[in-house]
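S.K.:
Residue numbers (my numbering): 24 to 436.
(1) Pick out whichever of 237, 35, 229 has its Cα sitting closest to the Cα of residue 273.
(2) Could you round the C-beta distance between residue 265 and residue 94 to whole angstroms and report it? I think they count as a contact, below 8 Å.
(3) Are the segment 186–195 and the segment 382–398 touching by the rule of at least three beta carbon pairs closer than 8 Å?
(4) Can you give me the Cβ contacts of residue 322 inside the same chain, cut-off strictly under 6 Å, excluding the 5 residues immediately before and after it?
(5) Residue 328 and residue 356 look like a contact to me (Cβ under 8 Å); what is the Cβ gap, rounded to whole Å?
(6) Output the distance between the C-alpha atoms of residue 407 and residue 346, rounded to the nearest integer angstrom.
(7) Nearest to residue 58 by CA position, among 43, 51, 127, is which residue?
(8) Among 344, 313, 162, which residue has its Cα nearest to the Cα of residue 380?
(9) Please go through the same chain and pick out, in chain order, the residues whose beta-carbon is closer than 6 Å to the beta-carbon of residue 172, but skip the five residues on each side of it.
(10) Using 9 Å as the threshold, is the C-beta distance between residue 300 and residue 62 below it?
(11) Compare the C-alpha of residue 306 against each of 404, 105, 378 and name the closest.
(12) Which residues in the same chain have their Cβ closer than 6 Å to the Cβ of residue 256, if we skip the five residues on either side of it in sequence?
(13) Among 83, 239, 219, 86, which one has its Cα closest to the Cα of residue 105?
(14) Could you check the C-alpha separation between residue 227 and residue 240 for me, to the nearest Å?
(15) Going by the CB atoms, is the gap between residue 237 and residue 275 shorter than 9 Å?
(16) Would you mind giving the Cβ-Cβ distance between residue 382 and residue 320, rounded to the nearest angstrom? I have them listed as a contact below 8 Å.
(17) From what residue to what residue does the alpha helix (DSSP H) around residue 362 run?
(18) With H, G and I counted as helix, E and B as strand and the rest as coil, what does DSSP make of residue 52?
(19) Have a look at residue 326 and residue 118 and give me their C-alpha separation to the nearest angstrom.
(20) What residue from 132, 33, 373, 371 has the CA that sits closest to residue 298's CA?
(21) Between which two residues does the alpha helix (DSSP H) containing residue 328 stretch?
(22) Where does residue 122 land, buried or exposed, given buried means 16+ other C-beta within 10 angstroms?
(23) How would you write the range of the alpha helix (DSSP H) that residue 289 sits in, first residue to last?
(24) Quick one: Cα of residue 163 to Cα of residue 27, how far?
(25) Taking Cβ to Cβ, would you say residue 292 is nearer than 9 Å to residue 41?
(26) Tell me the DSSP secondary structure of residue 352 in three-state form.
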């Protein structure tokens with residue numbers, strides 16, 4: 024009887040997610056806010072609370088995080104990561120300063136303490152690579168001159184996750200300074216070792232994993248990833264970081280083949296992850312934090328636009344391209360939820376989960392709008408104020424549409 028109820032509940036969740044994803048695709052909209060709303064509806068205090076399938080959904084959500092980070096790692100080679108660090112680290116520093124500090128300050132002003140401040144800083148800092156990649160494709164901007172600047176900022180954020188996630192994991196686990204330092208040292212050593220091995224022996228590893236049989240390739244890559252993620256978690260390093268590093272170590276045809284095979288699994292389990300986050304948020308707890316979420320969303324939308332404008336200006340992009348770059352970076356999504364989920368699971372601050380949910384819902388809706396309308400709105404305001412400057416249309420650079428380093432990271436595409 025228990026297994027029958029589990030199958031019914033889980034089947035209903037998957038069916039509901041499929042219908043929501045279809046509706047979002049027709050509206051040319053990110054499905055993430057709909058998945059979060061579905062979680063709120065199925066969770067405690069929702070319209071139809073789950074019973075038997077909650078533990079199964081929790082396991083699926085864990086796999087979802089692992090696959091999200093694995094697929095992200097598959098997008099880059101170790102050489103790409105090193106070159107991006109060297110060329111664009113100033114933009115990464117500006118991004119961190121402008122967007123992480125408002126979150127930390129908000130947590131301290133709300134009286135949540137330093138650990139919650141570190142967590143909320145990450146929530147407001149990291150843009151949604153999935154939503155942004157989808158928006159760039161929908162707007163036909165993959166070949167625009169400002170697009171490499173956007174992608175560089177996103178890559179740097181992803182790299183920073185490899186350091187940030189172990190820190191957050193240690194803090195929410197209540198580890199002291201010494202234990203936290205050991206965890207961070209292990210994470211940095213693992214990241215450095217993987218990058219070194221990937222640079223020197225990437226082809227050897229890829230040949231070892233490679234297989235002409237899609238079934239064998241899928242099983243080897245998926246098994247290796249979950250195994251490494253489990254070992255990383257056992258060492259008090261985030262499982263997501265372990266999955267990210269596995270993705271970096273694979274390259275060439277193996278990475279392309281694994282990406283194709285694993286994309287449907289990622290979309291399935293990532294959707295389950297967003298539902299799981301919503302399950303642990305009582306809808307009644309969102310209204311009390313809605314005003315802080317609105318204020319934080321407004322501030323960090325402006326700071327993200329300023330970050331993109333500054334980075335594009337530094338790269339020599341015209342004024343129109345600078346505003347487009349800034350507007351494209353506003354959306355938050357999957358990684359903000361991953362970060363907040365760590366704190367929610369550890370019970371750090373009861374209001375942190377509802378605030379993060381409301382914040383992501385606001386910006387995942389606002390992000391596509393700012394990407395589309397920031398530049399035209401600024402142009403109209405300048406025209407009204409008599410400050411019109413002749414601008415040349417940005418010439419596209421030769422890139423392959425939908426094939427850039429971020430174009431395949433969208434959840435639910």
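All residues carry an ideal CB built from backbone N, CA and C; glycine is no exception.
Treat the numbers as computed from the prediction; the structure is a model and nothing was measured.
M.R.: The answer reads as follows:
(1) Among 237, 35, 229, the Cα nearest to that of residue 273 belongs to 229.
(2) Not really, about 14 Å apart at Cβ, beyond 8 Å.
(3) No, they do not touch.
(4) Answer for residue 322: 125, listed in chain order.
(5) Not a contact, Cβ separation roughly 17 Å.
(6) So the alpha carbons of these two residues sit roughly 18 Å apart.
(7) Minimum Cα distance to residue 58 is reached at 43.
(8) Residue 380 has its Cα closest to that of 313, out of 344, 313, 162.
(9) By the criterion of a C-beta distance shorter than 6 Å, residue 172 is surrounded in its chain by 334, 335, 338, 348, once the five residues flanking it on both sides are discounted.
(10) One thing to note: residue 300 has its Cβ within 9 Å of the Cβ of residue 62.
(11) For the set 404, 105, 378, the Cα lying nearest the Cα of residue 306 is the one of 378.
(12) Closer than 6 Å at Cβ, skipping near neighbours: 262.
(13) When only C-alpha atoms are compared, the closest one is 219.
(14) When rounded, the distance between both Cα atoms is 15 Å.
(15) When the beta-carbon positions are compared, residue 275 and residue 237 stay at least 9 Å from each other.
(16) At roughly 6 Å, the Cβ-Cβ gap stays under 8 Å, so residue 382 and residue 320 are in contact.
(17) Note, residue 362: alpha helix (DSSP H), 357–369.
(18) Collapsing the DSSP output to three states places residue 52 in coil.
(19) Residue 326 and residue 118 have their C-alpha atoms roughly 8 Å apart.
(20) Measuring C-alpha to C-alpha distances from residue 298 to each of 132, 33, 373, 371 identifies 33 as the nearest.
(21) Run containing residue 328: 313–337, per the alpha helix (DSSP H) assignment.
(22) Taking all protein chains shown into account, residue 122 has 16 or more neighbouring C-beta atoms within 10 Å of its C-beta and is therefore buried.
(23) From DSSP, the alpha helix (DSSP H) with residue 289 extends over 275–302.
(24) Straight across, the Cα-Cα distance linking residue 163 with residue 27 is about 46 Å.
(25) Going by C-beta atoms, residue 292 is not nearer than 9 Å to residue 41.
(26) Note: residue 352 maps to coil in three-state DSSP.
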